[in-house]
Ligand code: NI
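Residue numbers (our numbering): 1 to 401.
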């Protein structure tokens, strides 16, 4: 590919420069102020109108210059989405453009996604299409509610279709995965509060030990997936945080367990919720303690629309041919808040292959994460291509008139 910016310079180095600038300065969910400032500056340079949304988010609009194919046909509108937030992770890559902020890192490729969407703005800038392309730069994908706020505040106004991609270092560069149906699981975060009775460490008979009950529960939870779920349904329950007690010589009065239930199958999701409730009742009875279970706002599964997936696949085929377009082998048990847009309009999330050759980098959400920067140009090209093809599809579809 030899794609160019609006200024006539090669696109790829521009994208690498943007990505590295963002990588040096990662920002956490809803605090993407410098990131958003950079995005606004680049959009201003292209004279693309935009407005703030969801705190640090941005909605920009590119209006096509072409008249609709048929007079009187409605103007189609679709959205492309990038996420902008980093993670509270200490970078350990030793890269020349590593994070300059201790404990903060772009460890999921969102720096790349932001650069790609700016790249797509350059590629669509000539506006040689009919209709409107909405560019959504969203905050807080990792925290899970950036997309929700974008939707609440009108991010999808007039939008009829939505597309996005996520960098994936498990698959080679110049490869896309495109699937219809379920590709990312639902995620139900939970918190379990155990209230026992505190006492001196030497007098357990006067206490209800929250540490022992919490430990029992953590071990019991390990049997949920193995014993309560159909082995052919993907599911996982993880307790990611456990807090109890205040001092080593006292029996803890309270404990807090927090985790997530993830599943790629609705039956498994229900069975896990019911199983967790049963275990809690059992441990509560066993320990004479009070145990409360609370489900926190979670995310539905990412389910790609069949028509949107066909458009996404066709755009990918145009860029990399048949050998570069694959299917995901199995649904991921990671969640993606792109699912919240798909609750409103049909959409498709694809994966952009970006495996580094030679020394493999660390996995996403690790301090050693990195990706092949050649993906930036491919992602930008796909976003622009899918927008053109999606608009043509919308214009041609009779349903919308
Ligand atoms: Ni991500």
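C-beta atoms are modelled at their ideal positions from N, C-alpha and C, and glycine is treated no differently.
Is any non-hydrogen atom of the ligand NI found closer than 8 Å to the C-beta of residue 109, if you look at the structure I gave you?
In the chain shown, residue 109 corresponds to position 109, counting from 1. Yes, the Cβ of residue 109 comes within 8 Å of a heavy atom of the ligand NI.
Alpha carbon to alpha carbon, what distance is there between residue 117 and residue 15?
In the chain shown, counting from the first residue as 1, residue 15 sits at position 15. In the chain shown, counting from the first residue as 1, residue 117 sits at position 117. Residue 15 and residue 117: Cα-Cα distance of roughly 10 Å.
Is the shortest distance between the beta-carbon of residue 22 and the beta-carbons of chain D less than 9 Å?
Structure shown: chain D not included; a single protein chain is present.
Hey, residue 78 and residue 159 are a contact pair by Cβ (cut 8 Å); roughly how many whole angstroms apart?
Counted from its first residue, the chain shown places residue 78 at position 78. Counted from its first residue, the chain shown places residue 159 at position 159. Yes, residue 78 and residue 159 are in contact; Cβ-Cβ is about 6 Å, under 8 Å.
Closest to residue 8 by C-alpha separation, out of 24, 126 and 49, would be which residue?
In the chain shown, residue 8 corresponds to position 8, counting from 1. When only C-alpha atoms are compared, the closest one is 126.
Residue range of the beta strand (DSSP E) that includes residue 138:
Locating residue 138 in the chain shown gives position 138, counting from the first residue. First-last of the beta strand (DSSP E) with residue 138: 132-138.
When you measure from the CB of residue 170 to every non-hydrogen atom of the ligand NI, does any distance come out below 8 Å?
Taking the chain shown and counting its residues from 1, the one referred to as residue 170 is at position 170. Not under cutoff, so the answer is no.
When burial is assigned at 16 or more other CB atoms within 10 Å of the CB, is residue 81 buried or exposed?
Residue mapping note: residue 81 aligns to position 81 of the chain shown, counting from 1. Classification of residue 81: buried, given that the 10 Å Cβ count is 16 or more.
How is residue 210 classed by DSSP in three states: helix, strand or coil?
In the chain shown, residue 210 corresponds to position 210, counting from 1. Of the three classes helix, strand and coil, the one that applies to residue 210 here is helix, per DSSP.
Pull up the CB-CB distance for residue 101 and residue 26, whole angstroms please, since I reckon it's below 8 Å.
Within the chain shown, numbered from 1, the residue matching residue 101 stands at position 101. Within the chain shown, numbered from 1, the residue matching residue 26 stands at position 26. At roughly 6 Å, the Cβ-Cβ gap stays under 8 Å, so residue 101 and residue 26 are in contact.
For residue 229 and residue 355, what's the separation of their Cα atoms in angstroms?
One-based indexing of the chain shown puts residue 229 at position 229. One-based indexing of the chain shown puts residue 355 at position 355. Roughly 33 Å separates the two Cα atoms.
Pick helix, strand or coil for residue 406, following the three-state DSSP scheme.
Residue 406 cannot be examined here, being either before or after the span of the chain that is shown, 1 to 401.
Tell me the rounded alpha-carbon separation between residue 364 and residue 110.
As a first step, residue 364 must be located in the chain shown, where it is residue number 364. As a first step, residue 110 must be located in the chain shown, where it is residue number 110. If you take the alpha carbons of residue 364 and residue 110, they lie about 11 Å apart.
When the Cα of residue 347 is compared with those of 385, 327, 340 and 305, which residue comes out closest?
Mapped onto the chain shown, residue 347 falls at position 347. Residue 305 is the option with its Cα nearest to residue 347.
Pairwise C-alpha distance: residue 274 and residue 38
Taking the chain shown and counting its residues from 1, one reaches residue 38 at position 38. Taking the chain shown and counting its residues from 1, one reaches residue 274 at position 274. The alpha-carbon atoms of residue 38 and residue 274 are separated by roughly 46 Å.
Straight-line gap, residue 266 to residue 279 (C-alpha atoms, nearest Å)
On the chain shown, residue 266 is found 266 positions in, with the first residue counted as 1. On the chain shown, residue 279 is found 279 positions in, with the first residue counted as 1. So the two alpha carbons sit approximately 20 Å from each other.
CB residue 194 to CB residue 272, shorter than 9 Å?
Locating residue 194 in the chain shown gives position 194, counting from the first residue. Locating residue 272 in the chain shown gives position 272, counting from the first residue. Their beta carbons are not under 9 Å apart, which means residue 194 does not touch residue 272 by this criterion.
Residue 28 and residue 87 closer than 9 Å at C-beta
Residue 28 sits at position 28 when you count from the first residue of the chain shown. Residue 87 sits at position 87 when you count from the first residue of the chain shown. For residue 28 and residue 87, yes; Cβs fall inside 9 Å.
Exposed unless 16 or more other CB atoms sit within 10 angstroms - verdict on residue 235:
For the purposes of this step, residue 235 is identified with residue 235 of the chain shown, where counting begins at 1. When all chains shown are included, residue 235 counts as buried.
For residue 107, which option in 93, 203 and 218 has the closest C-alpha, if you only look at C-alpha atoms?
Along the chain shown, one-based indexing puts residue 107 at 107. Considering only alpha carbons, the answer is 93.
Leaving out the 5 sequence neighbours to the left and right, which residues in its chain are closer than 8 Å to residue 13 when beta-carbon positions are compared?
Within the chain shown, residue 13 is the residue found at index 13, counting from 1. So no residue of the chain qualifies.
Closer than 8 Å: residue 141 CB and nearest the ligand NI heavy atom
The sequence position of residue 141 within the chain shown is 141, counting from 1. Checking the Cβ of residue 141 against the ligand NI gives yes.
Is the region 241-248 touching the region 169-189 in the sense that three or more CB pairs, one from each, lie closer than 8 Å?
no
Within a Cβ cutoff of 6 Å, which residues of the same chain sit near residue 320, ignoring the five residues on either side of it in sequence?
For the purposes of this step, residue 320 is taken as residue 320 along the chain shown, with counting starting at 1. Contacts found: 174.
Just tell me which of 254, 63, 91 and 2 has its CA closest to the CA of residue 192.
In the chain shown, residue 192 corresponds to position 192, counting from 1. Considering only alpha carbons, the answer is 254.
Cβ of residue 115 versus every heavy atom of the ligand NI: is any distance shorter than 8 Å?
By one-based count along the chain shown, residue 115 stands at place 115. Result no, Cβ not under 8 Å from the ligand NI.
On the DSSP bridge list, what partners appear for residue 294?
As a position in the chain shown, residue 294 is number 294, starting the count at 1. Looking at the DSSP assignment, residue 294 forms a beta bridge with 191.
Quick one: does the C-beta of residue 50 sit closer than 8 Å to a heavy atom of the ligand NI?
Locating residue 50 in the chain shown gives position 50, where the first residue counts as 1. Every heavy atom of the ligand NI is 8 Å or more from the Cβ of residue 50, so no.
Per the DSSP calculation, residue 161 is bridged to which residue(s)?
Indexing the chain shown from 1 puts residue 161 at position 161. Answer by DSSP bridge pairing, in chain order: 78.
Contact between the region 137-155 and the region 333-346 (3+ Cβ pairs under 8 Å)
yes
Sorted by chain position, which residues of the same chain lie with C-beta nearer than 6 Å to residue 43's C-beta, five sequence neighbours on each side aside?
Counting from one through the chain shown, the residue named residue 43 turns up at place 43. Here the set comprises 50 and 60.
In the DSSP output, what is residue 352 paired with across the bridge?
Here residue 352 corresponds to residue number 352 of the chain shown, with the count starting at 1. Residue 352 is bridged to 167 and 176.
Any idea what DSSP makes of residue 128, helix, strand or coil?
By one-based count along the chain shown, residue 128 stands at place 128. It is coil, neither helix nor strand.
Would you call the region 305-317 and the region 380-399 in contact, with 3 or more CB pairs under 8 Å?
yes
Can you say whether residue 303 is buried or exposed, counting buried as having 16 or more other CB atoms within 10 angstroms of its CB?
In the chain shown, counting from the first residue as 1, residue 303 sits at position 303. Burial call: buried.
In the DSSP output, which residue or residues are listed as bridge partners for residue 83?
Numbered from 1 along the chain shown, position 83 holds the residue referred to as residue 83. According to DSSP, which records beta bridges pairwise, residue 83 is partnered with 138.
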